[in-house]
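Enquirer:
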Amino acid sequence: MKNLGQMLKQAQELQARMGELQEKLAAMEVTGSAGGGMVTVTINGKGEARNVAIDPKLMAPGEQAVVEDLVRAAINDAKGKLEQLVRDKMSELSGGLPLPPGLQLPF
């Protein structure tokens, strides 16, 4: 029974640390880019777009499809970086508590 009590205490501590981590992640920003940096997109830890920058050279007539593709690629790049950041932070957080493989915590 002592082991169960210890596990419950660890779970409560983990829950508190997860709440803190969620707040920290929400405040973080990640920037993705495409086209050699000609398009950049910055998102916050919630995945909300905060900034989009497009090099003026891309604004030439007939370049709309290229710009759209690069914006989409920059968003996906930023999202991938955010997901990796969350995985890294969760790995640090759960280091002392063994979690079942594949368990997706609330992020």
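Start counting the sequence shown at 6; every next residue gets the next number (the numbering used here).
Each residue gets a CB set at the ideal place from its N, CA and C atoms; glycine is no exception.
Given the structure is predicted, the values throughout are model-derived calculations rather than measurements.
1. Can you give, in chain order, each stretch of the beta strand (DSSP E) that sits fully within the segment 26-64 and has at least 3 residues?
2. Rounded to the nearest angstrom, how far is the Cβ of A79 from that of V35, given a contact under 8 Å?
3. Starting from S96, trace the alpha helix (DSSP H) both ways and give me its first and last residue.
4. Please report the straight-line C-alpha distance between Q15 and D82, rounded to a whole angstrom.
5. Taking the CB atoms as reference points, tell me whether G52 and A32 lie closer together than 8 Å.
Expert: According to the data block:
1. 34-39, 44-49, 54-59
2. Stepping through the sequence shown from its first residue, residue 79 is reached at position 74. Stepping through the sequence shown from its first residue, residue 35 is reached at position 30. The pair is not a contact, with the Cβ atoms about 11 Å apart (cut-off 8 Å).
3. Within the sequence shown, the letter at position 91 stands for residue 96. Element bounds for S96: 69-98.
4. If you number the sequence shown from 1, residue 15 lands on position 10. If you number the sequence shown from 1, residue 82 lands on position 77. Distance between the alpha carbons of Q15 and D82: 35 Å.
5. Within the sequence shown, numbered from 1, the residue matching residue 52 stands at position 47. Within the sequence shown, numbered from 1, the residue matching residue 32 stands at position 27. Taking the C-beta atoms as reference points, A32 is found no nearer than 8 Å to G52.
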